[in-house]
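When we follow numbering that gives the first Met the number 0, the leftmost residue of the sequence shown carries the number 0, and every step to the right adds one. Glycine included, every Cβ here is placed at the ideal spot set by N, Cα and C. For clarity, every value in this text was computed on a predicted model and none was experimentally measured. To start, the structure under review is shown below, and the notes come after it.
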Amino acid sequence: MAKRRLTRRQQWRIDKVQEEREKRAHKYEGQVEDSLSHGELGAEQHGLVIAHYGSQVDVESEDGTLHRCRLRANISQIVTGDHVIWRPAIDKGGVIVATTQRSSELCRPDSRGNLKPVAANIDLIFLVIASEPRTPYGLIDRYLVAAENIDIRPIILINKSDLLTGDGAAWAEEIRAIYEPIGYSLIATSTQTEEDLAALKASMQGHTSIFVGQSGVGKTSLVNQLLPDTDARVGPLSQTSGKGMHTTTTAQLFHLPDGGSIIDSPGIREFGLGHVSPQELMTGFIEFQPYLGHCKFRDCKHLHEPKCAIQEAVENGGISSRRFASFHQIGESIE
Ligand SMILES: Nc1nc2c(ncn2[C@@H]2O[C@H](COP(=O)(O)OP(=O)(O)OP(=O)(O)O)[C@@H](O)[C@H]2O)c(=O)[nH]1
Ligand SMILES: [Mg+2]
Ligand SMILES: [Zn+2]
């Protein structure tokens, strides 16, 4: 009996919270439109979105100051890196009234598998991987497919190089052996030792970059290392699973001292690629390109067909069997 009463009470509370939330959303939309129609806002300005928190966004104005802005109701998805038009409010903060076209948009699937943009206007992607938690080959390849399809060749960043002993060292060596020959640059870093970050810094200069990768590989730790004045929250790995705990929850942009900027993004659990077409999948495996057009069947999917140039290349070592296994796995998941 007591239990049932509690449940009913809980339901009542849930309804109440939902009701309040809707009320607040209406009120909030009303406030934004009111301030617009009552001329309570200053002149339009350009700004850069440097972080996004639910219905509010941090905008950096051209003079470098920060303004917590709300969104006009007709503005849908805003992401970190967006260039926007905003109007300052009299007291503080402001309202975003328009967005400008993105030069690039990095998307990733949400928990329901729908593609959502995470960052805009980036021109360089660092795929951060580590031996602990060990980034699976399949995840690396899925990221590479996504990046190649927005025409950005990512740099693979092996972080936690201080942990690369024994099994970890063998893993890192294999990563190098697979990805370097086909055209990917690799950089090794550590945030724990005085390891040289010079190569990383040099490659970031003048770019708007993003750190992507699994939770717990050290993306935020790298940001803290690159920007000594920054103290963004870093989280431990789970003691039971050894995996990251999803410490970073929103993409955030930081300006680098030597020019350029870096967007730290929340780590992911899985990277489904349900949305890619077979053609896009092919684009993502850059080392397959020279073999295309040489299969027996013109519509060869390079999965099970006989006399397939790709499968023959795998057999004679021209294509890595690990990469082919990923291709197979992703190909079958989207078939
Ligand atoms: N040994 C070692 N540990 C590191 C290194 N970089 C980060 N760590 C540790 O790894 C853990 C996770 O670091 P974070 O920077 O929070 O990882 P993240 O990739 O930002 O994780 P999410 O925000 O969850 O996506 C922390 O305990 C860090 O101290 C490194 O180079 N070497
Ligand atoms: Mg983080
Ligand atoms: Zn084929």
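* **Contiguous beta strand (DSSP E) assignments of at least 3 residues, all confined to the region 223 to 267** => 251 to 254 and 260 to 263
* Asked: At what residues does the beta strand (DSSP E) containing residue 54 begin and finish?
  -> If you number the sequence shown from 1, residue 54 lands on position 55. Taken as a continuous stretch (DSSP letters only), residue 54 belongs to no beta strand (DSSP E), as it is neither H nor E.
* With burial defined as no fewer than 16 other Cβ atoms inside 10 Å of the residue's Cβ, what is the status of residue 8: buried or exposed? -> As a working note, residue 8 is residue 9 in the sequence shown. So residue 8 ends up on the exposed side.
* Asked: So is the beta-carbon of residue 106 under 7 Å away from any non-hydrogen atom of ligand 3?
  -> Mapped onto the sequence shown, residue 106 falls at position 107. Answer for residue 106: no, Cβ out of range of ligand 3.
* Local conformation of residue 2 per DSSP, three classes -> As a first step, residue 2 must be located in the sequence shown, where it is residue number 3. Caution is warranted here: a pLDDT of 48 is assigned to residue 2, below 50, making its placement in the model unreliable, and no coordinate value can be reported.
* To do: Please report the Cβ distance between residue 79 and residue 252, rounded to the nearest whole angstrom; I am assuming they are in contact, meaning their Cβ atoms lie under 8 Å.
  => Here residue 79 corresponds to residue number 80 of the sequence shown, with the count starting at 1. Here residue 252 corresponds to residue number 253 of the sequence shown, with the count starting at 1. About 5 Å separates the two Cβ atoms, so the contact holds.
* Asked: For ligand 3, is there a heavy atom less than 7 Å away from the beta-carbon of residue 308?
  -> Along the sequence shown, read from residue 1 onward, the residue named residue 308 stands at position 309. Under cutoff, so the answer is yes.
* **Own chain partners of residue 220 with C-beta closer than 7 Å, once the 5 adjacent residues on each side are dropped** => Locating residue 220 in the sequence shown gives position 221, counting from the first residue. Taken in chain order, the residues that qualify are 190 and 233.
* Could you say if the region 201 to 209 and the region 227 to 241 meet the contact criterion of at least three C-beta pairs nearer than 8 Å? => no
* Whole angstroms is fine: what's the gap from residue 161's alpha carbon to residue 311's? => Looking up residue 161 in the sequence shown gives position 162. Looking up residue 311 in the sequence shown gives position 312. So the alpha carbons of these two residues sit roughly 38 Å apart.
* **For residue 218, the three-state DSSP class (helix, strand or coil)** => Taking the first residue of the sequence shown as position 1, residue 218 is located at position 219. In this structure, residue 218 counts as helix in the three-state DSSP scheme.
* Between the beta-carbon of residue 209 and the beta-carbon of residue 125, is there less than 8 Å? -> In the sequence shown, counting from the first residue as 1, residue 209 sits at position 210. In the sequence shown, counting from the first residue as 1, residue 125 sits at position 126. Yes. Within cutoff.
* To do: Excluding the 5 residues preceding and the 5 following residue 136 in the sequence, name in chain order all residues of the same chain whose CB lies nearer than 7 Å to its CB.
  => Residue mapping note: residue 136 aligns to position 137 of the sequence shown, counting from 1. So the list reads 321 and 325, once near-sequence residues are dropped.
* **Of the residues 303, 212 and 111, the one placed nearest residue 156, counting alpha carbons only** => As a position in the sequence shown, residue 156 is number 157, starting the count at 1. The residue with the shortest Cα to Cα distance from residue 156 is 212.
* residue 52: buried (16+ other C-beta within 10 angstroms of its C-beta) or exposed? -> Residue 52 sits at position 53 when you count from the first residue of the sequence shown. Under this definition residue 52 is an exposed residue.
* To do: Can you tell me the Cβ-Cβ gap for residue 95 and residue 123, rounded? I've got them flagged as a contact below 8 Å.
  => Translated into positions along the sequence shown, residue 95 becomes position 96. Translated into positions along the sequence shown, residue 123 becomes position 124. So it is not a contact: roughly 26 Å between Cβ atoms.
* To do: Return the first residue and the last residue of the alpha helix (DSSP H) that residue 305 is part of.
  => Against the sequence shown, residue 305 aligns to sequence position 306. It is not in any alpha helix (DSSP H) - residue 305 carries neither H nor E in the DSSP assignment.
* Asked: Counting along the chain, where does the alpha helix (DSSP H) carrying residue 323 start and finish?
  -> In the sequence shown, counting from the first residue as 1, residue 323 sits at position 324. Element bounds for residue 323: 320 to 333.
* Asked: What number of angstroms, rounded off, separates the C-alpha of residue 150 from the C-alpha of residue 75?
  -> Position 151 of the sequence shown holds residue 150. Position 76 of the sequence shown holds residue 75. Spanning the two alpha carbons is a distance of roughly 25 Å.
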